[in-house]
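Heads up, the thing below is written out as structure tokens.
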Amino acid sequence: MTVSHLRILRRRLELGVLVVVGAVVVLFFPTGMAQPSPGYYPSSKFKSIGFHDGFDILWGSSHQSVSSDRSLTIWLDQNSGSGFKSTRPFRNGYFGASIKLQSGYTAGVITSLYLSNNQAHPGAHDEVDIEFLGTTPGKPYTLQTNVYVRGSGDGPRIVGREMRFHLWFDPTADYHNYGVLWDPNQIIFYVDDVPVRRYPKKTDSNFPRRPMWVYGSIWDASSWATEGGLYKADYSHAPFIAKYTRFVTNGCSAYAPANCRPVPASASGNGLSSQQVAAMKWVQTYHMVYYYCRDPNRNHGLTPECSV
1 MTVSHLRILR RRLELGVLVV VGAVVVLFFP TGMAQPSPGY YPSSKFKSIG FHDGFDILWG
61 SSHQSVSSDR SLTIWLDQNS GSGFKSTRPF RNGYFGASIK LQSGYTAGVI TSLYLSNNQA
121 HPGAHDEVDI EFLGTTPGKP YTLQTNVYVR GSGDGPRIVG REMRFHLWFD PTADYHNYGV
181 LWDPNQIIFY VDDVPVRRYP KKTDSNFPRR PMWVYGSIWD ASSWATEGGL YKADYSHAPF
241 IAKYTRFVTN GCSAYAPANC RPVPASASGN GLSSQQVAAM KWVQTYHMVY YYCRDPNRNH
301 GLTPECSV
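Read in UniProt numbering, the sequence shown has 252 at position 252, and its numbers run on one by one without any break.
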């Protein structure tokens, strides 16, 4: 047998081993390979709107623009960031947008979509956050979900309820849907309609009940956003740009009649279906990187819901 024949044989054996290993991985870890279908897609249940159909500029007007398709671009540079706010407050509903993030060096920069009543209740506000924590090249964005209740985010002692993820796709390559469903019994965070977190109402003290507005922003959070503040915003990479489109604000406004019903979390009603729960478990098993209830360095006397 010639040397060339030996090389061909060895290569075939190597490929055979790879095929067998791949088959074993698929057999034993099928749910880790691809995003499972949630079976229910709340972002498609409601008509999307353009920016000016439901939002106003809040700050940094020189650092945002609205295109002809009614999508929004906001950016951060050394002079300013930008933020926007819904024209109406809501007492429950589904709120979301399709968002595309900037690639490259974005350390210290936070892009967000969130609910808040800070302007109505300064110093004692409620807040529900979807935040994208900027990163350095070669490392993924961190998606942070968080809930503040009745001033727990106002200090001097801030008590967050964070759950963080590394996404299973590149959020800079295309638009993806991000949303929050808030009803009297739960808050559900969605990524491309996959529920990634359910925050249930366990006690009155740990759950926001007052009307909130929908906000979005891009800003400099260098003191903590990227690896605990290790990496700061570097404005030689500015402007840092975020794009939003297909806004959804569907629910009971603060001015709606008392019989206004919350939007359903699943096809069958308010609770998540078994298929949605399985999809959420997949995300939390393979892509969750932090959960405040499992942090041994936290004072869980301040977060009693962790033990309920």
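Glycine included, C-beta positions come from ideal geometry on N, C-alpha and C.
Please read all numbers here as calculations on a predicted model, not as lab measurements.
Practice item. Counting only runs of 3+ residues fully inside the stretch 226–306, write out the beta strand (DSSP E) ranges in chain order. Key: 240–253, 288–291
**Study point:** Cβ shell of HIS300 (< 8 Å), same chain only, five flanking positions each side left out
**Key:** CYS293, CYS306, SER307
Point to revise | C-beta contact flag for VAL248 and GLY96 at 8 Å | key: yes
**Study point:** Spatial neighbours of PRO184 in its chain, beta-carbon cut-off 8 Å, leaving aside the 5 residues before and after
**Key:** ASN92, LYS201, ARG209, PRO262
Practice item. Give every residue of the same chain whose Cβ lies closer than 6 Å to the Cβ of VAL21, excluding the five residues on either side of it in the sequence, and list them in chain order. Key: Annotation note: pLDDT 35 at VAL21 (below 50); position unreliable, no value reported.
Check your understanding: Looking at THR142 and residue 313, is the spacing between their C-beta atoms short of 8 Å?
Key -> Because the chain in this structure spans residues 1 to 308, residue 313 falls outside the shown range and cannot be described.
Practice item. My understanding is that TYR286 touches MET163, with C-beta atoms under 8 Å, so please give their C-beta distance in whole angstroms. Key: So it is not a contact: roughly 14 Å between Cβ atoms.
Point to revise | Residue range of the beta strand (DSSP E) that includes residue 338 | key: Limits of the chain in this structure are 1 at one end and 308 at the other, which puts residue 338 out of reach.
Review point. Which one of PHE207, VAL109, LEU272 has the shortest CA to CA distance from ILE128?
Key: Correcting the residue identity first, residue 128 is Val in this sequence and not Ile. When only C-alpha atoms are compared, the closest one is PHE207.
Exercise for review: State the Cα-Cα distance for the pair GLY123 and GLY60, rounded to the nearest angstrom.
Suggested key: 23 Å
Check your understanding: Would you say GLY216 and PHE46 are within 8 Å of each other, going by their C-beta atoms?
Key -> no
Check your understanding: Contact check, VAL66 vs LEU72 under 8 Å by CB: the rounded distance?
Key -> 6 Å
Practice item. Pick helix, strand or coil for HIS52, following the three-state DSSP scheme. Key: helix
Practice item. Would you identify the three-state DSSP class for ASN177, choosing helix, strand or coil? Key: strand
Review point. To which residues of the same chain is TRP168 closer than 7 Å at the C-beta, ignoring the five residues directly before and after it?
Key: GLN35, HIS287
Review point. Relative to the alpha-carbon of ASN117, which residue among GLY151, LYS100, THR111 has its alpha-carbon at the smallest distance?
Key: GLY151
Exercise for review: Alpha carbon to alpha carbon, how far is ARG298 from LYS232? Give it in angstroms, no decimals.
Suggested key: 25 Å
Review point. Roughly how many angstroms lie between the CA atoms of PRO296 and PRO137, to the nearest whole one?
Key: 30 Å
Review point. Apart from the five residues on each side of it in sequence, which residues of its chain come closer than 6 Å, Cβ to Cβ, to GLY160?
Key: ASN146
Review point. Taking the C-alpha atoms as reference points, what is the distance between ALA107 and TRP224?
Key: 10 Å
Check your understanding: Does the separation of the CB atoms of SER98 and TYR175 fall below 8 Å?
Key -> yes
**Study point:** Euclidean distance between Cα positions of GLN276 and PHE51
**Key:** 30 Å
Review point. Which residue comes first and which comes last in the beta strand (DSSP E) that contains GLN186?
Key: 186–191
Practice item. Compute the distance between the beta-carbons of ILE110 and PHE90, then report whether it is under 8 Å. Key: no
**Study point:** When GLN64, LEU272, ILE49, TRP75 are compared against ILE187, the one with the closest alpha-carbon
**Key:** LEU272
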